[in-house]
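First residue of the sequence shown: 1130, per this note's numbering; consecutive thereafter. All C-beta atoms, glycine included, are put in the ideal place defined by N, C-alpha and C. Heads up, the thing below is written out as structure tokens.
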Amino acid sequence: MTIPKLVASDLDGTFMDAQGEYNHAYFDQVLTELNAKGTHFVVSTGRALVNVERVFAPFLGRIDIVSNNGGIIKLADGTILDIHPVSKEAMKAALALIDNHGFKLHRAVSFAGLKHQYMLNRHEDINPEQLEFMSENFSLRLVETIDEIKEPIAKMTFGFSEADGEAYIELARREIGDLGHVTTSGYGSVDVVALDVNKAAGLKRLADAYAFERGDLAAFGDGLNDIEMLHYARHPYAMPNGDQELLNLFPQALADNNHAGVLKTIESILKN
């Protein structure tokens, strides 16, 4: 197998272990090998850019980032390549569906901007643990209405029970229509991004910026919001711990997320 020019990985359930951590020394070793061969490592995640930059602070300048499921693309040199904002109309429509159809939020609605994460005041008591985590890790700002948000929003995200999540997504895709793209990472989580935005589209834009071809891409994922990315990649890998739909479609990584499966598989690629 030819060594890919882009190696992209999802984070939660893929690159990160169950505690939301990764082996920095091991990653540094593999990243050094990739960079020596002219290969870019891409963090491709639904997480907000500000959080990705905190988690990978020691490696900024050596990684590219596709954050917010493709909503914000940032090159290793610090250039913001693209921002795809969700329209206020789409965000208001998504909120109205929650309020008007009796859906019970398990995780408050949050809005991911370039610099800050936002949450509505009326949602701050829904999940105290979420509020604490976001306050510590996401540069959180509380607002009364979304009209108070003055920066572009790349993604809105929230969570229900798994059953309600599936029901909401089915309804939202029908009702929101061309206003935005509704997706999920599973477990009741819902993301709303701009129309035609997903990880695959973000990676294609990144590849075009570097003049790489589709065949130059390897990708790793575990959830349904990774499916477009894995279909797009010439060398896709589903995590053994991933969604069964992915496992039915794609080859598996060498180990699960708790055993550094992404890094082990990359090492295997480099040796071959």
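Proximity winner among the options, relative to residue i (alpha-carbon distances)
i            : options                   : result
residue 1297 : 1308, 1284 and 1312       : 1312
residue 1196 : 1181, 1187 and 1232       : 1181
residue 1289 : 1256, 1304, 1150 and 1277 : 1256
residue 1187 : 1375, 1162 and 1156       : 1156
residue 1254 : 1355, 1234 and 1243       : 1234
residue 1286 : 1358, 1260, 1319 and 1274 : 1319
residue 1343 : 1358, 1209, 1198 and 1325 : 1358
residue 1213 : 1322, 1172, 1394 and 1264 : 1322
residue 1265 : 1184, 1140, 1202 and 1295 : 1184
residue 1317 : 1273, 1299 and 1304       : 1299
residue 1139 : 1278, 1221 and 1382       : 1382
residue 1348 : 1277, 1367 and 1246       : 1367
Local conformation of residue i per DSSP, three classes
i            : result
residue 1378 : helix
residue 1199 : helix
residue 1230 : coil
residue 1270 : strand
residue 1145 : coil
residue 1286 : strand
residue 1192 : strand
residue 1319 : strand
residue 1211 : strand
residue 1240 : strand
residue 1153 : helix
residue 1312 : strand
residue 1276 : helix
residue 1254 : coil
Counterpart residues of residue i in DSSP-defined beta bridges
i            : result
residue 1137 : 1171 and 1348
residue 1365 : 1348
residue 1248 : 1239 and 1271
Cβ-Cβ distance between residue i and residue j below 7 Å
i            : j            : result
residue 1385 : residue 1365 : no
residue 1135 : residue 1379 : no
residue 1241 : residue 1248 : no
residue 1205 : residue 1192 : yes
residue 1326 : residue 1199 : yes
residue 1137 : residue 1171 : yes
residue 1294 : residue 1352 : no
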